[in-house]
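Heads up: the structure comes next, in structure tokens.
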């Protein structure tokens, strides 16, 4: 079975940042993304969980699989807007079966 290397960019960000993050993804030329709800987490600033009264504190996960160049553009674009927000952004190599989709 032949596989192809692509980059997977994952973001765990506050919901109010979502529209700006999606704009960065679209501007990069990535062909798609998935947004998932998150339930609970704990990090450097303490714990959080879904269901708090203020929607601004809700976290979402955004997943993008794309080329190295587009992943770099996404990481740069997100770095410019994430400075004052809670979140984790990471990128790593993944193997895909259909390279033309990414």
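Residue numbers (my numbering): 1416 to 1517.
The C-beta atom is built at its ideal place from N, Cα and C for all residues, glycine as well.
Residue i lies in the alpha helix (DSSP H); which residues open and close that run?
i	result
residue 1492	1483 to 1496
residue 1436	1433 to 1443
Rounded to whole angstroms, what is the Cα-Cα separation between residue i and residue j?
i	j	result
residue 1434	residue 1495	14 Å
residue 1502	residue 1456	11 Å
Can you tell me where the beta strand (DSSP E) with residue i in it begins and where it stops?
i	result
residue 1517	Per DSSP, residue 1517 belongs to no beta strand (DSSP E) and is neither H nor E.
residue 1510	1502 to 1511
residue 1425	1419 to 1429
residue 1449	1449 to 1452
Whose C-alpha, out of the options, is nearest the C-alpha of residue i?
i	options	result
residue 1439	1510, 1420, 1488	1488
residue 1444	1482, 1507, 1510	1482
residue 1451	1421, 1513, 1458, 1430	1430
residue 1504	1515, 1492, 1514, 1512	1492
residue 1486	1428, 1498, 1442	1442
On the criterion of 16 or more Cβ atoms from any shown chain inside 10 Å, does residue i qualify as buried, or is it exposed?
i	result
residue 1475	buried
residue 1478	exposed
residue 1509	exposed
Indicate whether at least one CB of chain C lies closer than 9 Å to the CB of residue i.
i	result
residue 1431	Included in the structure is just one protein chain, with no chain C present.
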